[in-house]
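Enquirer:
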Amino acid sequence: MITDISTESSNMNEALRNMAIQHINDAIRDDSLIVFVGAGASINSGLPSWGSLIAQLKTDLKINNSDTDYLKIAQYYYDMVGQQKYFQKIDDIFLKYQNAKPNEIHEQIKRINPKHIITTNYDTLIEKKVNKGINKYQIIKKDMDIPYSKSDHYLIKMHGDLLEKNFVLKEDDYFDFEKNFYMISTLIKSLIMNNTVLFIGYSLNDSTFNNIFRLIQQGFAGNAKNAFFFTPKPKEYALIGYYKNKGIRVFSESDTEELEEGHTTVKFLKQLSSDFDRPITSIEELWQEISFLKPLTFVDTKMLMRYLQKLNGKVYPVQNDIHWTEEETFHFSVQGQESLIDFLNGQTNITSFLDFKASEDRDFKKNSVLKKAYFLYEKNDFVGAKNAFQQIANNAFEEKDYWNYLIASFNVSHILSTNSQEKFEISERLTDVVDKLISGGNNSTKKLALFFRDEIFNFRFIYRKLFAINKFLDLLKIENVNFKEGGASFNNHLAELQGEFESLMQFINLNCITVYQYEEFQEVVNRYFECLIIAHTNYQIGISLESDFANASSMVPELTRKEVQNIVIHVKTDNVKVLLESHNLSQIGINDEAFTYLVNRSLSILNEDVISIKRKQYLFTKYINFISVSSINDIGQIIDLFVACEMNNRNYDNIKQLLIILIHNFSSILTDRYEEIVHIISIHLTEILLKNYEFQKNNISLYAFLLEKINTNAKSNIGILKLSTLEEKLYYIENTPEKITQIENFQTFIGHLYSFLDPSTKLIIDRILKKYDQVEDKYFNFTFAKSLILHNVFDFPSSKDRITVDATDIPVEEVGFKTFPNKRLDKIIDLYNLIKMNYLDVSDINKRLDLSELKDTSPEFDWMFFADYTDKNVEKIVKRYGIGNAINIFGEDQEKVNALNNWILSQAKNNNLKLISNVNLQ
């Protein structure tokens with residue numbers, strides 16, 4: 002028992018302690034507590050006190066007096082040995098304690114979860130402890146950490162950090178603190194103005210505390226908030242009175258029981274939030290605890306569980322069921338608490354809660370106040386949505402409908418906008434309102450504002466889902482590897498994963514929160530999609546396995562409409578292709594409803610009139626890219642999309658994707674749609690000619706490929722094109738002698754489409770090319786001529802000699818330089834093709850060129866002239882042409898076919914074989 006203070010002082014300390022605990026608990030509830038942590042908090046972990054740290058410096062300096070001016074001693078040491086040895090000495094001292102672990106004081110600080118933590122300690126014990134769970138503090142070690150902080154919960158190391166070499170210890174450090182830590186000192190001053198402050202681990206007599214006090218004492222002068230100083234040992238009445246007049250209430254434990262200082266501090270901390278932690282004993286108390294969530298239209302089960310902590314482990318969740326623990330004998334019934342039952346039925350995905358069973362026909366509703374504005378957001382009318390949410394925010398604030406005000410204001414500041422300053426100003430105003438609701442609202446309003454701030458404003462609901470889905474992603478990866486190796490798994494990971502993601506989408510959509518455009522949300526979608534791809538891969542492996550023992554619990558035969566709908570816009574296109582390749586998948590299986598949704602949504606985007614052209618193009622491309630890697634369940638719907646797709650340079654990639662889909666799935670196209678396809682191709686080609694769509698010319702080879710398939714399959718000339726625009730341009734060239742070389746502008750059209758043009762157009766082209774064959778060398782374009790020769794359009798008989806000379810004029814390779822395009826390689830490939838099609842004779846070539854000099858320059862050349870059938874050369878050929886084309890083009894006899902087949906078999910045995918299309922579409 003304490004015996005060295007009067008009974009009156011003891012009673013005063015008791016009253017002050019009780020008052021302090023009450024105020025601090027209120028601050029914990031309101032999330033407005035700042036804890037200053039001094040060296041005393043780390044002593045129990047074995048770290049040195051400030052005195053023992055300075056004592057080691059005194060030993061080196063051979064100072065034997067009892068000088069307690071620690072700042073001057075540290076300064077003297079620095080001045081004597083210099084900066085490098087000074088830093089090295091401090092590092093050496095703390096190196097002895099590198100294996101120190103957080104103690105119970107740190108554990109208690111983590112438990113009470115203060116809004117901010119400010120420490121003068123250099124060690125990392127406190128951050129190791131408090132950042133171990135889901136709730137994270139932003140570590141601030143230096144001024145430049147502040148602008149990059151994304152959290153509103155800080156752990157400020159105001160006296161620096163050992164690794165940063167910016168620790169405050171000597172006299173100059175204290176004198177220059179505000180200059181060296183200007184932003185940190187300003188931040189600390191601003192934080193204490195609106196929060197309750199608690200000091201632990203300090204002595205009233207040490208210079209560390211007194212320097213902190215001098216820095217921030219103006220913040221206490223007006224008593225804007227309370228400041229409390231806990232000391233393990235009672236202090237004199239006069240000293241307590243002195244600090245009270247300065248705005249700080251000093252108190253100690255009323256009964257220390259002669260405990261060590263660290264244990265006394267732990268005892269005090271354990272009393273904090275004791276009222277707050279009082280267990281719930283009735284259904285009425287339970288409803289009172291969570292009823293503040295009533296304004297939400299949907300609450301996730303796990304989110305709700307965080308507000309049932311007062312049940313102190315008496316209940317446990319299993320997905321969407323919450324049960325009493327088997328050990329718990331005290332039960333209370335939910336029945337009779339109609340408000341709670343309505344809430345559970347209409348606003349949560351809980352299927353059972355204690356003795357409550359949810360209705361089977363639940364129908365969740367969107368927020369009725371926000372849904373019209375949110376509909377505009379979903380329709381990509383961001384300007385309209387922003388204006389609508391702003392009007393809702395204004396009305397809601399006047400009506401004291403704070404939840405709808407907070408969400409509407411959040412949406413106004415988070416909907417896509419080019420005005421970053423406006424976003425900042427709206428967010429600042431919203432932050433001010435939230436702070437006022439927390440500090441001045443009734444209990445429910447405070448809780449609701451805290452929930453909004455922590456869960457919505459700080460995106461914590463998304464971070465938590467990302468954490469959960471990352472966990473399942475790791476589990477599914479392990480399951481996939483195990484399954485490939487012939488193992489079995491029995492778990493519920495996939496269902497739990499799908500439940501996690503679906504509840505996130507419900508929370509966002511039903512509460513009308515505009516976060517789809519943010520990377521944090523999109524990252525959740527991408528991780529979830531990766532999980533589904535792994536489960537889809539498991540399904541594909543399961544089909545191929547003949548083992549009765551191998552089994553994977555996580556299998557997805559095909560994606561549903563709901564999954565596709567939630568994924569397609571937010572998943573990164575590049576991620577999709579990388580994921581498929583990494584799992585040896587050529588496409589994603591989707592069901593009929595999902596496929597129809599993708600096509601219909603693509604068509605509706607084309608008809609949108611309230612969104613910008615840029616946004617329309619972005620969305621349309623997203624859907625087309627996803628369709629291109631999905632199973633095609635109805636090629637007729639793809640034709641509808643092809644017909645509707647607008648021709649312009651922005652749509653080059655989309656049209657390319659649609660053409661490739663039509664080619665790959667040509668066998669599914671009904672013959673009665675051939676004419677329609679040819680008609681659309683004619684329209685596209687005419688548009689390219691009229692508007693000179695340069696990028697779209699790259700797709701002409703695909704149009705030709707599709708026309709070839711139509712003509713072959715129809716066994717008629719249904720794919721003949723009558724391009725009046727082309728004829729008009731050709732007539733002009735033919736009848737204007739000085740323009741004859743302009744035929745070169747139509748190289749791509751003529752080269753790929755000549756065989757599909759109507760006879761009259763072909764005749765015009767033939768007449769022009771005969772004239773072009775006679776032009777002087779300086780006007781003759783060899784690249785143009787060789788292209789038409791290789792496409793069997795025209796053989797330029799009068800120019801054969803000069804074409805031979807040009808074809809054999811191979812540039813010398815520049816050592817040490819690589820150019821793109823590689824003119825030397827291009828010429829070699831052209832030469833190879835001209836020889837292969839018998840346009841050039843090898844004997845004539847040998848007169849002009851030593852073919853041996855071209856060895857190892859082109860795999861095709863090595864194959865033809867040097868019989869290089871090695872695996873290395875085969876691999877080069879297959880990579881360039883694809884497996885099917887390589888066999889068709891290079892398998893000219895049995896020896897060559899065997900070389901190709903042997904390589905393919907060796908790759909298959911080593912599981913290195915990637916499925917390469919039989920059609921070379923590039």
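To get the numbering used here, take the position in the sequence shown, counting from 1, and add 1.
Virtual Cβ for every residue (Gly too), placed ideally from N, Cα, C.
Everything numeric in this text was worked out from a predicted model, so none of it was measured.
By DSSP, does Thr-197 sit in helix, in strand, or in coil?
Expert: As a first step, residue 197 must be located in the sequence shown, where it is residue number 196. In the structure shown, Thr-197 sits in a strand (DSSP, three-state: E or B).
Enquirer: Classify His-264 as helix, strand or coil using the three-state DSSP reduction.
Expert: Looking up residue 264 in the sequence shown gives position 263. Helix.
Enquirer: Helix, strand or coil: how does DSSP classify Asp-124 here?
Expert: Reading the sequence shown from its first residue, position 123 is the one you call residue 124. Coil at Asp-124, not helix or strand.
Enquirer: The alpha helix (DSSP H) that contains Ala-469, what's its start and end?
Expert: Against the sequence shown, residue 469 aligns to sequence position 468. Run containing Ala-469: 461 to 485, per the alpha helix (DSSP H) assignment.
Enquirer: Quick check on DSSP: helix, strand or coil for Ser-907?
Expert: Here residue 907 refers to the residue found at position 906 when the sequence shown is read from its first residue. Here Ser-907 sits in helix by DSSP.
Enquirer: Taking DSSP as the reference, what is the three-state secondary structure of Ser-410?
Expert: In the sequence shown, counting from the first residue as 1, residue 410 sits at position 409. Residue state, collapsed to three classes: helix.
Enquirer: Suppose the cutoff is 8 angstroms on Cβ atoms and the five residues either side in sequence are ignored; what does the same chain contact list for Leu-691 look like?
Expert: Stepping through the sequence shown from its first residue, residue 691 is reached at position 690. Hits under 8 angstroms: Thr-726.
Enquirer: Can you tell me the Cα-Cα spacing of Gly-487 and Asn-552, whole angstroms?
Expert: Residue mapping note: residue 487 aligns to position 486 of the sequence shown, counting from 1. Residue mapping note: residue 552 aligns to position 551 of the sequence shown, counting from 1. Taking the straight line from one Cα to the other gives about 8 angstroms.
Enquirer: By Cβ distance below 6 angstroms, which residues in the same chain neighbour Phe-398 in space, the five residues on each side in sequence not counted?
Expert: Counting from 1 along the sequence shown, the entry for residue 398 is found at position 397. Taken in chain order, the residues that qualify are Tyr-406.
Enquirer: Check this for me: beta carbons of Glu-677 and Val-630, under 8 angstroms apart or not?
Expert: Taking the first residue of the sequence shown as 1, we reach residue 677 at position 676. Taking the first residue of the sequence shown as 1, we reach residue 630 at position 629. In this structure, Val-630 does not lie closer than 8 angstroms to Glu-677 by Cβ.
Enquirer: Rounding to the nearest angstrom, what Cα-Cα distance links His-665 and Asn-652 in this structure?
Expert: Reading the sequence shown from its first residue, position 664 is the one you call residue 665. Reading the sequence shown from its first residue, position 651 is the one you call residue 652. Between His-665 and Asn-652, the C-alpha separation is close to 20 angstroms.
Enquirer: In whole angstroms, what separates the C-alpha of Asp-361 from that of Leu-287?
Expert: Within the sequence shown, numbered from 1, the residue matching residue 361 stands at position 360. Within the sequence shown, numbered from 1, the residue matching residue 287 stands at position 286. Sequence inspection shows Glu at residue 361; the Asp mentioned does not correspond to that position. Distance between the alpha carbons of Glu-361 and Leu-287: 24 angstroms.
Enquirer: Let me know the alpha helix (DSSP H) ranges lying completely inside the region 754 to 795, each 4 residues or longer, listed in chain order.
Expert: Runs found: 760 to 773, 783 to 791.
Enquirer: Would a C-beta distance cut-off of 8 angstroms place Val-36 and Ile-110 closer than the cut-off?
Expert: Indexing the sequence shown from 1 puts residue 36 at position 35. Indexing the sequence shown from 1 puts residue 110 at position 109. In this structure, Ile-110 lies closer than 8 angstroms to Val-36 by Cβ.
Enquirer: Determine the closest residue to Tyr-375 out of Asp-364, Asn-847, Ala-389, with distance taken between C-alpha atoms.
Expert: For the purposes of this step, residue 375 is identified with residue 374 of the sequence shown, where counting begins at 1. When only C-alpha atoms are compared, the closest one is Ala-389.
Enquirer: Locate the beta strand (DSSP E) running through Phe-231, then write down its first and last residues.
Expert: If you number the sequence shown from 1, residue 231 lands on position 230. That run of the beta strand (DSSP E) goes 228 to 231.
Enquirer: With DSSP as the reference, identify every bridge partner of Ala-645, one or two as the case may be.
Expert: Here residue 645 refers to the residue found at position 644 when the sequence shown is read from its first residue. Ala-645 pairs with nothing; no bridge assigned.
Enquirer: Between Ile-94 and the rest of its own chain, which residues show a CB-CB distance below 8 angstroms, the 5 nearest in sequence each way excluded?
Expert: Here residue 94 is taken as the residue at index 93 of the sequence shown, counted from 1. The answer, listed in chain order, is Pro-49, Leu-54, Gln-57.
Enquirer: Does the region 294 to 303 come within contact of the region 346 to 357, defined as at least 3 CB pairs closer than 8 angstroms?
Expert: Contact between the region 294 to 303 and the region 346 to 357 is present, because at least three Cβ pairs lie under 8 angstroms.
Enquirer: Span of the beta strand (DSSP E) holding Lys-158?
Expert: Position 157 of the sequence shown, counting from 1, holds the residue named residue 158. That run of the beta strand (DSSP E) goes 155 to 158.
Enquirer: So for Ala-489, helix, strand or coil by DSSP?
Expert: Along the sequence shown, one-based indexing puts residue 489 at 488. Correct three-state label for Ala-489: strand.
Enquirer: Where does Ile-141 fall in DSSP's three states?
Expert: Reading the sequence shown from its first residue, position 140 is the one you call residue 141. Ile-141: strand per DSSP, three-state reduction.
Enquirer: Would you decide whether Gln-775 is buried or exposed? Buried here means 16 or more other CB atoms lie within 10 Å of its CB.
Expert: The sequence position of residue 775 within the sequence shown is 774, counting from 1. Gln-775 should be labelled exposed.
Enquirer: Please report how far the alpha carbon of Asp-144 lies from the alpha carbon of Leu-273, in whole angstroms.
Expert: Start at 1 with the first residue of the sequence shown, and residue 144 comes out as number 143. Start at 1 with the first residue of the sequence shown, and residue 273 comes out as number 272. Near 32 angstroms, if we compare the C-alpha coordinates of Leu-273 and Asp-144.
Enquirer: Pull up the distance between the alpha-carbon of Asn-919 and that of Tyr-704, whole angstroms please.
Expert: Translated into the one-based positions of the sequence shown, residue 919 becomes position 918. Translated into the one-based positions of the sequence shown, residue 704 becomes position 703. Its pLDDT being 38, under 50, Asn-919 is placed unreliably in this model, and the value from its coordinates should be taken loosely. The alpha-carbon atoms of Asn-919 and Tyr-704 are separated by roughly 18 angstroms.
Enquirer: Cα separation between Gln-908 and Val-898?
Expert: For the purposes of this step, residue 908 is taken as the residue at position 907 of the sequence shown. For the purposes of this step, residue 898 is taken as the residue at position 897 of the sequence shown. In a straight line, the C-alpha of Gln-908 is about 16 angstroms away from that of Val-898.
Enquirer: Leaving out the 5 sequence neighbours to the left and right, which residues in its chain are closer than 7 angstroms to Leu-642 when beta-carbon positions are compared?
Expert: Here residue 642 is taken as the residue at index 641 of the sequence shown, counted from 1. Here the set comprises Val-600, Ser-603, Leu-604, Leu-659.
Enquirer: Locate the alpha helix (DSSP H) running through Val-316, then write down its first and last residues.
Expert: Here residue 316 refers to the residue found at position 315 when the sequence shown is read from its first residue. No alpha helix (DSSP H) holds Val-316; the beta strand (DSSP E) holding it covers 316 to 319.
Enquirer: Using the three-state DSSP reduction, which class does Lys-130 fall into: helix, strand or coil?
Expert: Numbered from 1 along the sequence shown, position 129 holds the residue referred to as residue 130. If DSSP states are grouped into helix, strand and coil, Lys-130 belongs with the helices.
Enquirer: Mind checking whether Lys-142 and Lys-158 have CB atoms under 8 angstroms apart?
Expert: For the purposes of this step, residue 142 is taken as residue 141 along the sequence shown, with counting starting at 1. For the purposes of this step, residue 158 is taken as residue 157 along the sequence shown, with counting starting at 1. Against a cut-off of 8 angstroms, the Cβ pair of Lys-158 and Lys-142 comes out as a contact.
Enquirer: Compare the beta carbon distance of Ile-829 and Ser-853 with 8 angstroms and say whether it is the shorter of the two.
Expert: On the sequence shown, residue 829 is found 828 positions in, with the first residue counted as 1. On the sequence shown, residue 853 is found 852 positions in, with the first residue counted as 1. No, they are not a contact pair.
Enquirer: Have a look at the DSSP bridge pairing and note the partners of Phe-354.
Expert: Working through the sequence shown from its first residue, we reach residue 354 at position 353. According to DSSP, which records beta bridges pairwise, Phe-354 is partnered with Ile-323, Phe-357.
Enquirer: Exposed or buried, what is Ser-668 when buried is set at 16 or more other beta-carbons lying within 10 Å of its beta-carbon?
Expert: Counting from 1 along the sequence shown, the entry for residue 668 is found at position 667. The residue in question, Ser-668, is exposed, as its Cβ has fewer than 16 Cβ neighbours within 10 Å.
Enquirer: Just curious, the beta strand (DSSP E) that Leu-34 is in, first and last residue?
Expert: Position 33 of the sequence shown, counted from the first residue, corresponds to residue 34. Leu-34 -> beta strand (DSSP E) spans 34 to 38.
Enquirer: Pair every Cβ in the region 68 to 83 with every Cβ in the region 230 to 237, then say whether three or more of these pairs are closer than 8 angstroms.
Expert: The answer is no - the region 230 to 237 does not touch the region 68 to 83, with fewer than three Cβ pairs under 8 angstroms.
Enquirer: For Ala-21, I'd like the list of residues in its chain whose CB is within less than 7 angstroms of its CB, leaving aside the five on either flank, ordered along the chain.
Expert: Along the sequence shown, read from residue 1 onward, the residue named residue 21 stands at position 20. Within the same chain, Ala-21 has close Cβ partners Phe-229, Arg-250, Phe-252.
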